[in-house]
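Asks: Before I ask anything, let me first share the structure, which is written out below as structure tokens.
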Ligand code: IYR
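Numbering (this note's numbering), first residue to last: 1 to 229.
Listed below in structure tokens is the structure:
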């Protein structure tokens, strides 16, 4: 990306954006290669406890922060947990909620829909994975004078950032799980997050365990989700 000149538009600074145009054949090849690379990503539930350099996690979260967000407010906080005592607390609280969900809260249809994943309320990966990234959406900001300042399209913005994060983690050679123990209020309590933050996703990250198996599931083919006009 090249940044050349600056100018004022309606009283605000603008910078020129002129990324180098690439030949179409180049774009076809690189887009196909990127698709193949991303198509190789799998959600895992069996993690190795091998350590991962913190800088990799930090770089991937910085990539997440490059996603577009409503009014460029970047309405999220990424909490990176490696402390075993905190991971244990998170696991215990998550398993309590998940036990209740699997036994009483989820419908028969829902349970049937996820049967092929062979999940249950046990969540050992919350202690095994070297990092848990707890993503919080910031419903609003609090000004220095304690006034509330709006954020916009918060769920969309945080969802986009999480998509970038998962792509970056995969690109870096790591595996992850998008985990949504429900309800997730315990994350705010364990991590002592402020009132303007709401739990959004819990993402264990690490290498796959030596003996890691994933459901043999197929993705939809392009004609099932692309409509050309
Ligand atoms: N949150 C539960 C159940 C679950 C729900 C869906 I939708 C999934 O795709 C997978 C699991 C759990 O994490 O076990």
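We put the CB at the ideal spot given by N, CA and C, even for glycine.
Spatial neighbours of residue 97 within its chain, please: CB distance less than 6 angstroms, with the 5 preceding and 5 following residues excluded, ordered by chain position.
Replies: Here the question's residue 97 lines up with position 97 in the chain shown. 181, listed in sequence order.
Asks: In the structure shown, what three-state DSSP assignment does residue 21 receive?
Replies: Start at 1 with the first residue of the chain shown, and residue 21 comes out as number 21. Coil.
Asks: Straight-line CA distance for residue 205 to residue 90?
Replies: Locating residue 205 in the chain shown gives position 205, counting from the first residue. Locating residue 90 in the chain shown gives position 90, counting from the first residue. When rounded, the distance between both Cα atoms is 15 angstroms.
Asks: Taking the beta strand (DSSP E) that residue 94 falls in, what are its first and last residues?
Replies: Translated into positions along the chain shown, residue 94 becomes position 94. From DSSP, residue 94 is part of no beta strand (DSSP E) but of the alpha helix (DSSP H) over 84-100.
Asks: My parser needs the beta strand (DSSP E) runs of 3 or more residues fully inside the stretch 136-201; what are they?
Replies: 140-142, 148-150
Asks: Is the stretch 116-132 close to the stretch 20-30, with three or more CB pairs under 8 angstroms?
Replies: Touching, no, given that fewer than three Cβ pairs across the two stretches are closer than 8 angstroms.
Asks: Measuring from the CB of residue 201, is there a heavy atom of the ligand IYR at a distance below 7 angstroms?
Replies: If you number the chain shown from 1, residue 201 lands on position 201. No, the Cβ of residue 201 stays beyond 7 angstroms of every heavy atom of the ligand IYR.
Asks: Give the secondary structure of residue 66 by DSSP, where H, G and I count as helix, E and B as strand, and everything else as coil.
Replies: What you label residue 66 is simply residue 66 of the chain shown in a count that begins at 1. Residue 66: coil per DSSP, three-state reduction.
Asks: By the three-class DSSP mapping on this structure, what secondary structure does residue 8 have?
Replies: Here residue 8 refers to the residue found at position 8 when the chain shown is read from its first residue. The answer is strand: DSSP assigns residue 8 an E or B state.
Asks: Would you report the Cα separation of residue 120 and residue 166, rounded to the nearest angstrom?
Replies: Mapped onto the chain shown, residue 120 falls at position 120. Mapped onto the chain shown, residue 166 falls at position 166. About 23 angstroms.
Asks: Please tell me whether residue 154 and residue 201 are closer than 8 angstroms, where the distance is taken between their beta carbons.
Replies: The count along the chain shown starts at 1 and reaches residue 154 at position 154. The count along the chain shown starts at 1 and reaches residue 201 at position 201. It is not a contact, given that the beta carbons lie outside the stated cut-off.
Asks: Mapping DSSP to helix, strand and coil, what is residue 79?
Replies: Translated into positions along the chain shown, residue 79 becomes position 79. In this structure, residue 79 counts as strand in the three-state DSSP scheme.
Asks: Mapping the DSSP letters down to three states, classify residue 28 as helix, strand or coil.
Replies: Mapped onto the chain shown, residue 28 falls at position 28. Three-state DSSP puts residue 28 in a helix.
Asks: At least one CB of chain B closer than 8 angstroms to the CB of residue 114: is that the case?
Replies: Looking for chain B here will not work: only one protein chain is present.
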